[in-house]
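Going by the working numbering, the letters in the sequence shown line up with residues -6 to 613, in that order. All C-beta atoms, glycine included, are put in the ideal place defined by N, C-alpha and C. Please read these numbers as outputs of a predicted model, since none were measured by experiment. The structure appears right after this line, and notes come after that.
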Amino acid sequence: MIGYEKEQGRESRNNSQPRKRNYSGRTRSQGGEHRPSSRRHSSHHNNSNGGAAPQSAPRSGGKRENNRRTPVRIIPLGGLNEIGKNMTVFECSNDMFILDCGMAFPDADMPGVDIVLPDFTYVEGNKDKVRGIVITHGHEDHIGGLAYLLKKVNVPVYGTRMTLGLIRGKLEEHGILKQAKLIEIEPRKTVKMGCMAVEFIKVNHSIPGAVGMAIHTPAGIIVHTGDFKVDYTPIDGEIIDLARFGELGSRGVLALMADSTNAERSGFTCSERTVGGSFDKLFKRAEGRRIIIATFSSNVHRVQQIIDQAEHYGRKVAVFGRSMIHVINTAIELGYLTVPKGMIIDIEEMNRYPDEKIVLITTGSQGEPMSALTRMAMNGHKKVTITPNDFIIISAKPIPGNEKFVTRVVNELMRSGAEVIYESMYEVHVSGHACQEELKLIQALTKPRFFLPVHGEYKHLVKHAELAKSMGMPEDRILIASIGDVIETDGQNMRIVSQVPAGRVMVDGLGVGDVGSIVLRDRKHLAQDGLIIVVIGIERATNSLVSGPDIISRGFVYVRESEELIEESRRVLVRVLDNCSSHDFKEWGTLKTKLRDVLSDYIYEKTKRSPMILPIIMEV
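In structure tokens, the structure reads:
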């Protein structure tokens, strides 16, 4: 196993979009209460291939029954009109389950915030109905919020072996692993969720163990692709189960919920194997030099190809970055990563080998400020100093919003004399998400009656909707929803009937949800204009000024270089205090407001800036 090195890296960013109406232009209808179930069902595991599923809806092209069925509700609590914090609730009668529970990284306008979670209010209010949580794969935007939810609603969690391996590490960090119920499910197996059943379907993605879901409900089959692409030559040899998607389509799929991340990109997503060919050429080119490769820690197949090339060219591998170490250790333990004995060396052993015998695998492909690669670039890494003998490969594409961070890191690495290869120069990265032709293929195989694009910003959802229309999907059967919308279907119709509480819950240190809009406003105010603290001492008995006012500036002006402004500010405050004293004024709250308003007006007049002003009154 690999030893840990402290790191705080961020490999994805939240890029949420404003709330929009549904694409087809339909208005949200009111009401739509579902019929209560006559009995409750307990959750249990069914090992059959596909399972005995509830009655399904006929194919979109076939003749439909006129009778309506028990309504099913789909409630997205994250992952729509944004990248990150994916979470969807499925509800039928008195049963409910959750698909994914992710997190997002904060936007630039959230200073001090560590991560962003979905709003769990609706789930907490209905926790007696929750039968379990199913997870599509182990990326942070799908599992990052799980530990926080399980502290409030402790229900079984179902996932594949690799996914649960990553989840165990997160739950252990939060100290809740012992009380968690983690149940491994293989593709083509089904788990009961009360009156619903969830079938796992193998898909390809940038992490092993990724699955889509076929949700068998009384209203019909709902297919959720999860994050996916179609890779006919995957590194692990496990091809997406297109046959099962086709079988479901022949039975009749009520609704398709499909990944929209790459809906703007034409063609097919390249196979991960193309990166291996590029690595081979670059390893030859880097002969005699130390190779440093930055990539996403979760991309186990990418890491496997790096290890394979290192073995081929007689190099040892050292690993940097806390998340990278954790994922590689988990993948080795579970058998998803094949590493020759003695191939991976400890960080402390690295200096025993010449540069031409070393490959460093590190985090920091997104230019995260505290990541290993960024610290190397800024000459702040304790173990690695960048030299002209370094050959650096950034095997990732910048996530929207991270371009400046990545560019800064590349510039600093080049200033140190290193040669840097990145995605726009060489084919060193492929996406884990389906492009347009793959999205069309899933549409053609499943033949859904209704279509709900998911997982993407609003522009991605709209583009995916247009793609579905180009394949003959009627516009009135396409629904672009927003988080918090309650989407109800009875097998005949699908519409938005109401809304539930939804939004962003911010985590700052150990505080969950205690940072709101007002706190963020104050933080931005402080960052933009700085702070002035006014300290005065007042004798309570006589209501007279005994000390001050003293003015302390932080982030506004340097006091020693602005003595005239500070002195005049004191005189302004003294006049306010004299006036209040003459009127026997003893309401400290109102006095603070008066001091703040007068000083703010004066400073803005002189500087055109509005620092935060904090008056402090000490009684003596």
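Apart from the five residues just before and just after A140, which ones in its own chain have a Cβ nearer than 7 Å to its Cβ?
As a working note, residue 140 is residue 147 in the sequence shown. Same-chain partners within the cutoff: K163, L164, H167 and I169.
A207 in three-state terms, based on DSSP
Stepping through the sequence shown from its first residue, residue 207 is reached at position 214. Residue state for A207 is assigned as strand, using DSSP reduced to three classes.
Please identify the residue among I91, V569 and M605 whose C-alpha is closest to the C-alpha of I545.
Taking the sequence shown and counting its residues from 1, the one referred to as residue 545 is at position 552. Nearest C-alpha to I545: M605.
Candidates D234, I473, Y329 and T439, of which the one nearest M464 by Cα
For the purposes of this step, residue 464 is identified with residue 471 of the sequence shown, where counting begins at 1. Per the Cα distances, T439.
I need the straight-line Cα distance from T171 to R161, nearest angstrom please.
As a working note, residue 171 is residue 178 in the sequence shown. As a working note, residue 161 is residue 168 in the sequence shown. First, the residue type needs correcting, since residue 171 is Lys and not Thr in the sequence shown. For K171 and R161, the distance between alpha carbons rounds to 10 Å.
Mapping DSSP to helix, strand and coil, what is A411?
For this step, residue 411 is matched to residue 418 along the sequence shown. When secondary structure is reduced to three states using DSSP, A411 falls in the coil class, being assigned neither helix nor strand.
Buried versus exposed call for M611 [16 or more other C-beta atoms within 10 Å across all chains shown]
In the sequence shown, the residue the question calls residue 611 occupies position 618. Exposed.
Going by Cα to Cα distance, which pick from L432, I529 and E450 is closest to F444?
Along the sequence shown, read from residue 1 onward, the residue named residue 444 stands at position 451. In terms of Cα proximity to F444, the closest of L432, I529 and E450 is L432.
According to DSSP, is L353 part of a helix, a strand, or is it coil?
For the purposes of this step, residue 353 is taken as the residue at position 360 of the sequence shown. Here L353 sits in strand by DSSP.
In this structure, what does DSSP give as the bridge partners for C85?
Counting from one through the sequence shown, the residue named residue 85 turns up at place 92. Under DSSP, C85 shares a beta bridge with D88.
Three-state class that DSSP yields for A628 in the structure shown
Nothing can be reported for residue 628, as the shown portion of the chain is limited to -6 through 613.
Check T183 in the structure and name its three-state DSSP category.
For the purposes of this step, residue 183 is identified with residue 190 of the sequence shown, where counting begins at 1. Residue state, collapsed to three classes: strand.
Closest to V268 by C-alpha separation, out of A324, G281, E280 and N292, would be which residue?
The sequence position of residue 268 within the sequence shown is 275, counting from 1. Minimum Cα distance to V268 is reached at N292.
Buried/exposed call for D478, threshold 16 Cβ in 10 Å:
Residue numbering aside, residue 478 sits at position 485 when the sequence shown is read from its first letter. D478 should be labelled buried.
In chain order, each alpha helix (DSSP H) run of at least 4 residues that lies wholly inside the segment 451 to 480
Entirely contained in the segment 451 to 480, the alpha helix (DSSP H) runs reaching 4 residues are, in chain order, 451 to 463.
Please state the DSSP three-state secondary structure of G71.
Along the sequence shown, read from residue 1 onward, the residue named residue 71 stands at position 78. Annotated three-state conformation of G71 is strand, per DSSP.
Which residue wins for smallest C-alpha separation from L330, given the options V567, K601 and G230?
Position 337 of the sequence shown, counted from the start, is the residue given in the question as residue 330. The option with the nearest alpha carbon to L330 is G230.
Assigned exposure category for V423 - 16 Cβ within 10 Å defines buried:
Position 430 of the sequence shown holds residue 423. So V423 ends up on the buried side.
Helix, strand or coil: which one does DSSP assign to E532?
Sequence index remark: in the sequence shown, residue 532 carries index 539 (1-based). Secondary structure of E532 (DSSP, three-state): strand.
Name the residue from P608, A303 and V498 whose alpha carbon lies nearest to the alpha carbon of D348.
Your numbering for residue 348 matches position 355 in the sequence shown. Comparing C-alpha distances from D348 to each of P608, A303 and V498 shows the shortest one belongs to A303.
Would I387 and E416 be called neighbours here (beta carbons separated by less than 9 Å)?
Taking the sequence shown and counting its residues from 1, the one referred to as residue 387 is at position 394. Taking the sequence shown and counting its residues from 1, the one referred to as residue 416 is at position 423. In this structure, the beta-carbon distance from I387 to E416 falls below 9 Å.
Which residues share a DSSP beta bridge with Y151?
Within the sequence shown, the letter at position 158 stands for residue 151. Paired residues: V127 and I176.
How would you write the range of the beta strand (DSSP E) that V116 sits in, first residue to last?
For the purposes of this step, residue 116 is taken as residue 123 along the sequence shown, with counting starting at 1. Premise fails: V116 lies in the alpha helix (DSSP H), T114 to G118, not in any beta strand (DSSP E).
Out of D571, G187 and K195, state which residue places its alpha-carbon closest to the alpha-carbon of I617.
Beyond the ends of the chain as shown, which are -6 and 613, falls residue 617; an answer cannot be given.
What distance in whole Å lies between the Cβ atoms of G72 and H426, which are believed to be in contact at a cut-off of 8 Å?
Within the sequence shown, the letter at position 433 stands for residue 426. Within the sequence shown, the letter at position 79 stands for residue 72. Rounded, the Cβ-Cβ distance is 13 Å, inconsistent with contact.
Strand pairing of F384, partner residues [DSSP]:
Here residue 384 is taken as the residue at index 391 of the sequence shown, counted from 1. Bridge partners of F384: I284 and E412.
Tell me the residue span of the alpha helix (DSSP H) that contains L584.
What you label residue 584 is simply residue 591 of the sequence shown in a count that begins at 1. Its alpha helix (DSSP H) spans residues W581 to T600.
Rounded to a whole number of angstroms, what is the C-alpha to C-alpha distance between V490 and D224?
If you number the sequence shown from 1, residue 490 lands on position 497. If you number the sequence shown from 1, residue 224 lands on position 231. In a straight line, the C-alpha of V490 is about 38 Å away from that of D224.
On a Cα-Cα basis, can you pick out the residue from T81, I176 and A437 that is closest to M134?
As a first step, residue 134 is located in the sequence shown; it is residue number 141 there, counting from the start. Correcting the residue type first, residue 134 is Asp in the shown sequence and not Met. Minimum Cα distance to D134 is reached at T81.
Secondary structure of S258, DSSP reduced to three states
Stepping through the sequence shown from its first residue, residue 258 is reached at position 265. What sits at residue 258 in the sequence shown is Arg, not Ser. In the three-state scheme derived from DSSP, where H, G and I count as helix and E and B as strand, R258 is classed as coil.
Beta-bridge pairing of N197 - partner residues as DSSP gives them
Taking the first residue of the sequence shown as 1, we reach residue 197 at position 204. Bridge partners of N197: K222.
Cβ shell of V312 (< 7 Å), same chain only, five flanking positions each side left out
Locating residue 312 in the sequence shown gives position 319, counting from the first residue. Take V312, set aside five residues on each side of it, and the residues of its chain with a beta-carbon closer than 7 Å to its own are I(-5), I318, I321, I337 and I354, in chain order.
Just the Cα atoms here: how many angstroms apart are V61 and L472?
What you label residue 61 is simply residue 68 of the sequence shown in a count that begins at 1. What you label residue 472 is simply residue 479 of the sequence shown in a count that begins at 1. Per the sequence shown, the amino acid found at residue 61 is Arg instead of Val. In a straight line, the C-alpha of R61 is about 20 Å away from that of L472.
From V184, D469 and A474, pick the residue whose C-alpha is nearest to that of Q485; which is it?
Taking the first residue of the sequence shown as position 1, residue 485 is located at position 492. If we check each option's Cα against that of Q485, D469 comes out closest.
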